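Going by UniProt numbering, the first residue of the sequence shown is number 1, and it counts up by one from there. All remarks here apply to the structure that follows.
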Amino acid sequence: MSSFSRNRPLRRGVLGVFIVVGIVLGLFGASAPARAVEPKPTIVLVHGAFADSSGWRDVAATLTAAGYPVQTFDNPLRGPAYDSALLEKQLSTITGPVVLVGHSYGGAVITNTHDPDVVANVYIAAFAPERGEFVQGLLNPLTYPGSRLLPPALQLKIVDDASVPGGKNVDGYIAEPYFHEIFAQDVDAATAADMYAHQKSAALVANLEPSGDPSWRKVRSWYLISGQDRVIPPALQRFMASRAAPGRTAQIDAGHASLVSRPDAVSAIVLAAAGA
């Protein structure tokens with residue numbers, strides 16, 4: 001069994017039930033009018049920088065157990081326009097409604113994804129930029145201090161990249177000595193080591209590319225803030241949530257990788273959005 005799932009099933013199952021009930025009641029009220037049964041949406045999970053789809057393992061298992069079709073998107077981490085175009089291609093193969101869930105930089109990707117079948121966006125400690133904003137600009141330490149995603153923790157390397165002229169690109173990644181304490185301080189050492197082994201580097205230009213028209217202007221969105229985040233300051237998350245998901249925002253005591261450390265809470269808000 002992967003270290004992502006070790007010693008979690010009972011805790012996730014018990015806590016998940018209570019958190020799902022609490023968030024659903026808190027966001028939508030205790031009662032709702034009866035309506036015809038509709039097909040469940042497909043939930044597409046979009047990872048961010050310095051991670052891959054394996055981080056969604058526990059969340060995906062919970063959503064699948066709840067009866068939802070679940071897919072993951074292998075995010076290239078090349079830039080919002082390029083990545084969202086590939087995501088839209090994947091969405092074109094899905095029949096019926098879709099719920100998009102983005103973590104971290106994955107939020108910038110779902111923000112730039114425009115598909116008529118998307119009925120909800122869910123941001124998990126994620127970027128939710130307005131048109132013209134970009135990741136590095138949002139992380140301005142003068143406005144929202146607190147991010148520890150800085151050198152020497154943040155390192156650069158040259159990588160092969162067929163998506164750009166010349167076939168080479170400059171990518172950023174988190175150096176191993178800093179990964180646990182910055183990206184996922186609230187998981188055990190074995191889990192952090194597994195996450196580091198699955199780390200995908202992100203193109204430097206992905207942090208500098210201006211965002212297009214935000215999908216959250218037309219698609220109802222939810223936001224789960226990580227209150228102990230060392231990558232995206234919680235104050236910045238609250239600001240973005242106030243624009244993208246007013247009235248549909250929750251906060252938990254978690255680090256940046258809440259999808260791994262708190263899959264119960266992450267699954268709860270996704271289920272709330274999917275069932276709305």
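The C-beta atom is built at its ideal place from N, Cα and C for all residues, glycine as well. All values reported here derive from a predicted model rather than from experimental measurement.
Uninterrupted beta strand (DSSP E) stretches at least 3 residues long and entirely within the segment 115-161 occur at 118-124 and 154-160, given in chain order. The DSSP assignment places 70-73 as complete runs of the beta strand (DSSP E) inside the segment 65-98, in order along the chain (cut-off: 3 residues). Each of Leu156, Asp229, Pro76 and Pro233 was checked against the Cα of Val164, and the nearest Cα belongs to Pro76. Leu224 and Asp160 have their alpha carbons spaced roughly 34 Å apart. For secondary structure counted as the alpha helix (DSSP H) over 4 or more consecutive residues, the segment 174-247 holds these complete runs in sequence order: 176-183, 189-197 and 234-244.
Judged by DSSP in its simplified three-state form, Ala268 adopts helix. Residue burial annotation: Asn140 is exposed, with fewer than 16 other C-beta atoms found within 10 angstroms of its C-beta. When DSSP states are grouped into helix, strand and coil, Ala250 belongs to the strand group. Between the C-alpha atoms of Val270 and Gly67 there is a straight-line separation of about 13 Å. Assignment of Asp58 by DSSP, reduced to helix, strand and coil, places it in the helix class.
With a 10 Å radius around the Cβ and a threshold of 16 neighbouring Cβ atoms, Asp264 comes out buried. Asn121 sits close to Val219, with the two beta carbons spaced by under 8 Å. For Thr113, no beta strand (DSSP E) segment is defined, and its DSSP state is neither H nor E. Where Val164 is concerned, there is no enclosing beta strand (DSSP E), because DSSP gives it neither an H nor an E. Residue range Ser258 to Ser261 is occupied by the alpha helix (DSSP H) that includes Val260.
Just measuring C-alpha positions, the residue of Ile158, Phe73, Val109 and Met240 sitting nearest Leu204 is Ile158.
If you draw a straight line from the Cα of Pro234 to the Cα of Leu149, it comes to about 14 Å.
The beta carbon of Val119 sits closer than 8 Å to those of Pro41, Pro97, Val98, Val99, Val219 and Arg220, all from its chain and outside the five residues before and after it, given in chain order. In the same chain as Asn207, and ignoring 5 residues on each side of it, the C-beta atoms closer than 6 Å to its own belong to Val135 and Gln136, in chain order.
Val44 and Gly102 have their C-alpha atoms spaced approximately 9 Å apart.
In the three-state reduction of the DSSP assignment, Gly48 falls in the coil class, being assigned neither a helical nor a strand state.
For the 8 Å CB-CB criterion, Val59 and Ser226 do not form a contact. By the Cβ-count criterion, Asp213 is exposed, with fewer than 16 other Cβ atoms from all chains shown falling within 10 Å of its own Cβ.
Residue pairing for Leu100: DSSP places it in a beta bridge opposite Val44 and Asn121.
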